[in-house]
Amino acid sequence: MNPVKLAERMLSSADSKKFLREIAMNYEEGQIFLTAVELGIFTKLIEPKSAKNLAEELGTDSRLTARILDVLVSVEVLKKREEIYTTSPMLAPFLLEGNPASFKSLNFSHKEGTGVKNKNLFEEKKLHNSCENQQRNPVLGFN
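Positions in the sequence shown are counted from 1; adding 13 to them yields this note's numbering.
This is the structure we're talking about:
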């Protein structure tokens with residue numbers, strides 16, 4: 014067995030999380046990774062499937078689905094044998110929906126931001142501040 018592959022299998026949980034975070038931060042690979050998280054690809058591939066079967070489940074184009082899956086294989090979050098894909102067993106705990114350690118929560122914070130409990134309240138505050146600035150700026154023609 015290839016020593017590099019053996020070392021990768023021996024990664025601890027912390028190393029696995031760090032590895033996944035690095036993928037998410039690389040723009041192109043990260044976008045594909047986050048799309049896969051959003052679509053639930055990793056959960057669907059806990060049972061091995063072809064790209065065609067997965068595309069039918071997702072309602073996506075099978076050729077484009079295969080291209081996405083091949084990128085995920087190249088960054089080693091998926092495994093591929095012949096034309097069958099499966100989620101990497103070592104990374105599965107961090108990729109499966111419903112697992113508290115899942116990267117699904119990263120996907121949410123990536124889109125929504127963190128620390129904002131009431132988005133509408135946040136938007137109202139921005140609008141209020143904008144109106145105050147308009148009223149105080151006579152140069153721009155506001156009262």
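A virtual CB, placed ideally from N, CA and C, is assigned to each residue, including glycine.
8 Å Cβ cutoff met for residue i and residue j
| i | j | result |
| --- | --- | --- |
| isoleucine 81 | isoleucine 45 | yes |
| leucine 108 | phenylalanine 32 | no |
| leucine 104 | serine 29 | yes |
Same chain, Cβ closer than 7 Å to residue i, five either side skipped, listed in chain order
| i | result |
| --- | --- |
| glutamate 70 | Lys57 |
| alanine 68 | Asp74, Ser75 and Thr78 |
| alanine 49 | Phe55, Ile81 and Leu85 |
Enclosing beta strand (DSSP E) for residue i [first to last residue]
| i | result |
| --- | --- |
| leucine 77 | Looking at the DSSP string, leucine 77 is not in any beta strand (DSSP E); the run it does join, the alpha helix (DSSP H), is 75-87. |
| leucine 109 | Element bounds for leucine 109: n/a, residue is neither H nor E. |
Reference residue i; option with closest CA among the options
| i | options | result |
| --- | --- | --- |
| threonine 78 | Tyr40, Leu52, Glu95 and Pro106 | Leu52 |
| glutamate 40 | Lys62, Val88 and Lys93 | Note that residue 40 is tyrosine in the sequence shown here, rather than glutamate. Ranking the options by Cα distance to tyrosine 40, first place goes to Val88. |
| glutamate 186 | Glu35, Gly43, Leu47 and Glu42 | Outside the displayed range of the chain (14 to 156) lies residue 186, so it cannot be described from this structure. |
| glutamate 95 | Lys62, Gly43 and Glu42 | Lys62 |
Identified DSSP bridge partners for residue i
| i | result |
| --- | --- |
| threonine 99 | Lys92 |
Residue i, enclosing alpha helix (DSSP H) - first and last residue
| i | result |
| --- | --- |
| isoleucine 45 | 40-52 |
| glutamate 70 | 64-71 |
Sequence-distant residues of the same chain with beta carbon closer than 6 Å to residue i, five excluded per side
| i | result |
| --- | --- |
| alanine 64 | Ser75, Thr78, Ala79 and Leu82 |
| threonine 99 | Leu58, Pro61 and Lys92 |
| valine 90 | Ser101 and Leu104 |
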